[in-house]
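Mapping the sequence shown onto the working numbering, position 23 (from 1) lands on 235, and the numbers just tick up by one.
Even for Gly, the Cβ is constructed at its ideal location relative to N, Cα and C.
These numbers come from a predicted model, not from an experiment.
What follows is a short report on a single structure.
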Amino acid sequence: MSEITPDLVRHLASLARILVTDEEVDQLAGELAVIVDSVAMVNQAVSGDVVATSHPIPMVNV
């Protein structure tokens, strides 16, 4: 589980200049933790055998 604390949520809200209540801080901490954990799972699934590409189809100058 990720370390999304209420203090971190308050800090992020402050940086974004968003006013949040204590209830919203608790709710957002849970939601952000789920998002961060989901991204971590995707990172684990990424295979090192796949070559990185900038475009999925070849680009041709016409």
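Alpha-carbon to alpha-carbon, residue j and residue i
i	j	result
Val232	Val248	20 Å
Val263	Ser214	29 Å
Glu235	His267	43 Å
His223	Leu240	12 Å
Ser250	Ser226	24 Å
Ala228	Thr265	33 Å
Which of helix, strand or coil DSSP assigns to residue i
i	result
Arg229	coil
Gly260	coil
Val272	coil
Same chain, Cβ closer than 8 Å to residue i, neighbours up to 5 away in sequence not counted
i	result
Asp238	Pro218
Ala252	Ser214
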